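Heads up, the thing below is written out as structure tokens.
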Amino acid sequence: MAIQYWLMKTEPTTYSIDDLAAQADKTTCWEGVRNYQARNLLRDEIQAGDRVLFYHSACKEPAVVGTAIVSKSGYPDRFQFDKKSKYFDPKSDPDNPRWYLVDITLDEKFDAPVTLAELRETASVKEMVLLQKGSRLSVQPVKKKEFDAILKMAKKKAKTSPKK
DNA sequence: GCCAACGTTGGC
DNA sequence: GCCAACGTTGGC
């Protein structure tokens with residue numbers, strides 16, 4: 001099976017790419033997805049070795065801020081059974097877990113994030129799920145050419161714009 | 001803070 | 001099964 005490409009959203013105030021970079025093994029479990037469409041991807045489609053665009057949403061400058069690699073494919077999200085967790089789901093059956101997650105490992109933090117505004121101006125990525133009207137899926141498929149185009153944009157931008 | 005779009009819930 | 005009400009997402 002060829003590797004696949006995904007985009008995962010996170011609110012940087014909750015969990016940012018710097019939080020991921022700060023992990024000793026640069027790895028985290030992607031808990032808290034509570035949407036069936038995204039769940040199906042996490043449980044059934046996403047495989048170890050797949051590539052991920054790390055996206056910051058609901059913040060000042062929404063942007064793809066780096067890439068990650070799936071280090072462990074779908075397994076049950078333990079937080080759904082943790083009464084103290086905000087992700088607790090009393091209706092989930094331990095024998096038939098409702099929610100799944102994957103582990104991801106940081107690959108690269110971009111020197112220059114590729115902003116949502118820039119993506120909207122780029123013809124080669126205009127079909128991305130992210131850019132569709134009303135799209136709120138927090139885990140979504142990305143085409144290889146979209147993934148490659150975004151990497152290219154990040155590289156080009158890092159070269160042409162002074163580092164902060 | 002506003003609000004459009006979408007998903008979920010629950011009464012019937 | 002329909003659909004109104006409600007809650008959430010997320011850009012602006």
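Position one of the first sequence corresponds to residue 1 (UniProt numbering), numbered consecutively onward. Each residue gets a CB set at the ideal place from its N, CA and C atoms; glycine is no exception. Given the structure is predicted, the values throughout are model-derived calculations rather than measurements.
query                                                                                                                        : result
Those runs of the alpha helix (DSSP H) which lie wholly inside the UniProt domain "EVE" (4-153) and span at least 4 residues : 17-22, 36-40, 116-120
Top-ranked residue by Cα proximity to T28, from R39, L41, M8                                                                 : M8
Sequence-distant residues of its chain with Cβ nearer than 7 Å to K72 (five each side left out)                              : A48, V102, D103
Beta-carbon proximity check, E127 vs S57, cutoff 7 Å                                                                         : no
Distance CB(Y5)-CB(F147) smaller than 7 Å                                                                                    : yes
Proximity test, R98 beta-carbon vs the ligand ATP heavy atom, cut-off 6 Å                                                    : As far as ligands go, the structure on display features none, and thus does not contain the ligand ATP.
Whole-Å CB distance - I69 paired with D18, under 8 Å assumed                                                                 : No, I69 and D18 are not in contact; Cβ-Cβ is about 18 Å, not under 8 Å.
Touch test, the segment 136-143 against the segment 35-52, Cβ-Cβ under 8 Å, three pairs minimum                              : yes
Residues of its chain near D50, where Cβ-Cβ distance is below 8 Å and the 5 sequence neighbours each way are ignored         : I3, Q4, Y5, W6, I69, V70
DSSP three-state assignment for D2, whether helix, strand or coil                                                            : Per the sequence shown, the amino acid found at residue 2 is Ala instead of Asp. A2: coil per DSSP, three-state reduction.
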